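Visitor: Next up is a structure, given as structure tokens.
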Amino acid sequence: MLGLIFSLNRVSLLTIALCWSVAVFAQPAKKVRFADKSAEERTNFIVSVLKNRLTLTQAQEPKIRDIVLASEKQRDTDFKASRGNKDALSDARKKRNAALVVEFRTVLTADQMHIFNKNRLELRNEWLKQAGVQVED
12 MLGLIFSLNR
22 VSLLTIALCW
32 SVAVFAQPAK
42 KVRFADKSAE
52 ERTNFIVSVL
62 KNRLTLTQAQ
72 EPKIRDIVLA
82 SEKQRDTDFK
92 ASRGNKDALS
102 DARKKRNAAL
112 VVEFRTVLTA
122 DQMHIFNKNR
132 LELRNEWLKQ
142 AGVQVED
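With our numbering as the guide, the letters of the sequence shown map in order to residues 12 to 148.
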């Protein structure tokens, strides 16, 4: 009788251990947020989007890459310097974006700048709608 109880306890423990390991190891991998990627990874993504939407020339692409990379590195610096202060982070982002547009104007054609600004406005409006803010089209 004691042997039967011992083997039932052993089976129960094995079942619990198996269920626990399945639960722990079957967890889906956490998504890596865009903001958590390196400045170089974010730059590569941004430049690939700009290259497709603006049809960048071979001469423009490295210049745009340098501008975006500098901005993304500054973004990391701003984030560390803000120490959780959302207002400071927002102010830094606005300044960074304004400087980015000024630098883009030196590289992009007028038509490309028009497309860039239109895409930024559409993206902003889509983001605001998702946040529940009513936007006039």
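Cβ atoms here follow ideal geometry from the backbone N, Cα and C, with glycine treated the same way. In this text the structure is predicted, and so the values were computed from the model without any measurement.
Out of curiosity, what's the CA-to-CA distance linking residue 129 and residue 121?
Guide: Looking up residue 129 in the sequence shown gives position 118. Looking up residue 121 in the sequence shown gives position 110. Cα-Cα distance, rounded: 12 Å.
Visitor: Just the C-alpha distance for residue 82 and residue 136, rounded to the nearest angstrom, thanks.
Guide: Within the sequence shown, residue 82 is the residue found at index 71, counting from 1. Within the sequence shown, residue 136 is the residue found at index 125, counting from 1. Distance between the alpha carbons of residue 82 and residue 136: 23 Å.
Visitor: Sorted by chain position, which residues of the same chain lie with C-beta nearer than 8 Å to residue 107's C-beta, five sequence neighbours on each side aside?
Guide: Mapped onto the sequence shown, residue 107 falls at position 96. The answer, listed in chain order, is 82, 85, 86 and 89.
Visitor: What does the Cβ neighbour count give for residue 79, buried or exposed, with the cut at 16 atoms within 10 Å?
Guide: Residue mapping note: residue 79 aligns to position 68 of the sequence shown, counting from 1. Counting Cβ neighbours within 10 Å, residue 79 comes out buried, since at least 16 surround it.
Visitor: Three or more C-beta pairs closer than 8 Å, one from the region 58 to 71 and one from the region 110 to 125: is that the case here?
Guide: A contact exists between the region 58 to 71 and the region 110 to 125.
Visitor: Between residue 113 and residue 71, how many whole angstroms is the CB-CB distance? I'm expecting something under 8 Å.
Guide: Position 102 of the sequence shown, counting from 1, holds the residue named residue 113. Position 60 of the sequence shown, counting from 1, holds the residue named residue 71. Not confirmed; about 16 Å, so no contact.
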